Amino acid sequence: EVIRTGSKTIKSVSSYDFTRLLVGSEGTLAVITKVGLKVAPLPEAYAASLYVFERVEDAVKTAVEIKSSGVLPAMLEFMDETTSRASFEYAKLDLPVGFTVLVGCDGRLEAVRKESELIHEVASKRKPVFAAKASSAEERERLISARKAALPALSRVAPTVCMEDLTVPVTKIPEACKRIAEIPAKLGAPIKVSIFGHIGEGNLHPTFLFDEKELGQKEAFFKALEALYKDVAIPLGGSITGEHGVGVLRGNYVKLEHGEKIVGLMHEIKRVFDPNMILNPYKGKGGPWPLPKGLEATIA
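The opening residue of the sequence shown carries number 92 in this note's numbering; numbering runs sequentially from there.
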């Protein structure tokens, strides 16, 4: 049966928000065959600035204070020391290594100019060891390249790179970074971890670096993954995924975050849309969606 959700109007609250429900269902509720998008004009101007701090606390406070100043950044990114070192080298940027904050804004030319000056003023109060405000499109792209380089740069550090996705309240980022950095040593695991992400949203991407072909390293990664959710995300009031989705590996921790009742409601919604339990069953392995009878053995 084909249904259409949403509205062509700017606002409508006449039904449950089925559009968001289906978009966020990761293919477990329906097959989406057509999408209509509402578009906005491109901004007239862009700006970017980059700051490096000695302490993660100063990086986080800078992000909080920028948002509190009334500026709504189009980009507010973060890299820890490990990621910064790898990214600067990869992007061929001669910058001091520390906790990096990259800020971008866009809009009308005069508004962007004022916001950029305010951002620089706020960030400078935290005494960064390095500060740069782009004065040209080329310089802006150069600063942004530092953050864009994060994942490809880390891919040169180790043969196996697994990027995770969790959120915590922004004020909890320093504690989250501390706990994440301690995971390998606490487990006695022969793996490394780096952190980058969207600091303005409290969305972190702890990235585990190891060699899955080496004895015990893949097993160590799965133990680290469990610690990431049980010892960091949930205790700090966060979520096991901010933007990447539950997928397969995170399915085991959905109940840990939401509890029996919410997961039960998710099961009921699933049965309404997919009574035969056939849509994207692989997302159910160990997670919130019950599998069709007899399918377990095929994906065990």
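All residues carry an ideal CB built from backbone N, CA and C; glycine is no exception. Predicted model only: the values in this text are computed from it and were never measured.
Spatial distance of residue i from residue j (CA atoms)
i: D256; j: E172; result: 18 angstroms
i: V354; j: I360; result: 10 angstroms
i: D302; j: E230; result: 36 angstroms
i: A225; j: I94; result: 48 angstroms
i: V363; j: I369; result: 12 angstroms
i: A154; j: I325; result: 22 angstroms
i: A121; j: P281; result: 41 angstroms
i: E206; j: C196; result: 7 angstroms
i: A165; j: P219; result: 21 angstroms
i: G377; j: L327; result: Low per-residue confidence applies at G377: pLDDT is 41, beneath 50, and the placement is therefore not dependable, though the value from the model is reported in the following sentence. In a straight line, the C-alpha of G377 is about 24 angstroms away from that of L327.
i: A276; j: V248; result: 19 angstroms
i: V114; j: H296; result: 22 angstroms
i: F312; j: V284; result: 10 angstroms
i: K352; j: H358; result: 10 angstroms
i: I264; j: K99; result: 39 angstroms
i: T124; j: R111; result: 15 angstroms
i: A388; j: K346; result: With a pLDDT of 44 at A388, under the threshold of 50, the predicted position of this residue should be treated as unreliable, though the coordinate-derived value follows. So the two alpha carbons sit approximately 23 angstroms from each other.
i: T258; j: G342; result: 16 angstroms
i: H211; j: R146; result: 18 angstroms
i: G304; j: L356; result: In the sequence as displayed, the identity of residue 304 is Lys instead of Gly. If you take the alpha carbons of K304 and L356, they lie about 40 angstroms apart.
i: K202; j: L306; result: A small fix is needed here, since residue 202 is Ala in this sequence, not Lys. A202 and L306: Cα-Cα distance of roughly 56 angstroms.
i: A391; j: D365; result: Only weak support exists for where A391 lies, its pLDDT of 37 falling under 50; the value from the coordinates is given anyway. Spanning the two alpha carbons is a distance of roughly 22 angstroms.
i: L186; j: L167; result: 19 angstroms
i: V323; j: K269; result: 9 angstroms
i: E92; j: G338; result: 26 angstroms
i: G127; j: S105; result: 19 angstroms
i: L386; j: L316; result: Here the model assigns L386 a pLDDT of 45, short of 50, so the residue's position is not dependable, and the following value carries that caveat. Each residue's Cα considered, the two are about 26 angstroms apart.
Contact belief for residue i with residue j at Cβ below 8 angstroms, rounded distance in angstroms
i: A200; j: E135; result: One point to set straight first is that residue 200 is Leu, not Ala, in the sequence displayed. About 5 angstroms separates the two Cβ atoms, so the contact holds.
i: I286; j: I271; result: 6 angstroms
i: S175; j: V194; result: Going by Cβ atoms, the distance from S175 to V194 rounds to 15 angstroms, so no, they are not a contact pair.
i: K374; j: E148; result: Not really, about 38 angstroms apart at Cβ, beyond 8 angstroms.
Which listed residue (the options) has its alpha carbon closest to that of residue i
i: T332; options: D322, Y344 and P326; result: Y344
i: K321; options: H349, P164, I235 and S285; result: H349
i: P243; options: P281, F179, G279 and K263; result: F179
i: Y107; options: G115, S116, I101 and G97; result: G97
i: K129; options: G307, K102 and P260; result: K102
i: I157; options: C268, L234, V261 and A225; result: V261
i: P250; options: I274, R233, F299 and K314; result: F299
i: K309; options: C253, P326, I264 and G198; result: C253
i: P329; options: K216, T153 and A267; result: Reading off the sequence shown, one finds Gly at residue 329, where the question assumed Pro. When only C-alpha atoms are compared, the closest one is A267.
i: A214; options: E92, F144 and E351; result: F144
i: A182; options: A202, L133, E232 and A318; result: E232
i: G198; options: L186, V126, P132 and L167; result: P132
i: G288; options: V126, K269 and K239; result: K239
Cβ-Cβ distance between residue i and residue j below 8 angstroms
i: F221; j: V192; result: no
i: K314; j: L340; result: no
i: A150; j: F109; result: no
i: V234; j: A241; result: Here residue 234 is Leu; the residue named in the question, Val, does not match the sequence. No, these two residues do not count as a Cβ contact at 8 angstroms.
i: T119; j: N367; result: no
i: A228; j: L184; result: no
i: L245; j: A177; result: yes
i: R393; j: K152; result: Given that the chain is displayed from residue 92 to residue 391, the structure contains no residue 393 and the question cannot be resolved.
Residue i beta carbon near the ligand FMN (any heavy atom closer than 7 angstroms)
i: D171; result: Ligands in the displayed structure: none, and consequently the ligand FMN is not present.
CB contact below 8 angstroms: residue i versus chain D
i: V220; result: This model lacks chain D altogether; it includes just one protein chain.
Any 3 or more C-beta pairs closer than 8 angstroms across the stretch 320-337 and the stretch 288-295: They touch, by the three-pair rule.
The stretch 127-141 / the stretch 157-164 touching (three or more Cβ pairs under 8 angstroms): Put simply, the stretch 127-141 does not touch the stretch 157-164. Fewer than three CB pairs are less than 8 angstroms apart.
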